[in-house]
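Residue numbers (UniProt numbering): 1 to 145.
The structure is reproduced here in structure tokens:
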């Protein structure tokens with residue numbers, strides 16, 4: 001009797017589950033750090049923000065894990081020390097994550113200046129090129145800002 005109820009329950013769950021499958025369309029909304037943007041500068045900033053959030057989440061998970069490990073150490077000095085080391089390393093990781101912009105600005109201030117429009121022509125602001133008659137002129141290309 002129990003086996004028959006179990007089989008019927010599983011069958012009922014499967015039938016209900018199949019009925020709840022959502023419709024799938026050809027193309028959905030794009031998800032991700034660069035969704036809906038063709039601009040490299042915006043994409044880099046988005047990836048940096050996603051990575052920062054992921055790093056903070058990982059560090060907080062390690063802090064919670066070290067607290068659990070500390071509570072379940074049961075007085076074992078080696079486990080307590082290991083939990084303290086995990087906590088210290090996770091805290092140091094959080095400090096590094098929050099000071100990433102400061103470190104990059106110390107190395108090179110241009111590393112944290114993300115331009116909104118990275119135009120490949122911006123590298124060639126002024127160039128000399130001959131015209132049809134062979135005389136040189138300097139065209140002015142737009143500056144990338």
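For every residue, glycine included, the Cβ atom is placed at its ideal position computed from N, Cα and C. Please read these numbers as outputs of a predicted model, since none were measured by experiment.
Problem - Own chain partners of residue 87 with C-beta closer than 7 Å, once the 5 adjacent residues on each side are dropped - result: 63, 66
Problem - Presumed contact (8 Å Cβ cut-off) between residue 209 and residue 90, rounded CB distance - result: As shown, the chain starts at 1 and ends at 145. That puts residue 209 outside it, with no answer to give.
Handout entry: Where residue 61 sits in the DSSP three-state scheme
Key = It is helical.
Practice task
Please say whether residue 97 and residue 57 have beta carbons closer to each other than 8 Å?
Solution key: no
Handout entry: Euclidean distance between Cα positions of residue 146 and residue 93
Key = In the structure as shown, the chain starts at 1 and stops at 145, and residue 146 therefore has no counterpart that could be examined.
Problem - Euclidean distance between Cα positions of residue 81 and residue 74 - result: 12 Å
Practice task
With DSSP as the reference, label residue 99 as helix, strand or coil.
Solution key: coil
Problem - Distance between residue 6 and residue 77 (C-alpha atoms, nearest Å) - result: Approximately 48 Å, taken between the alpha carbons.
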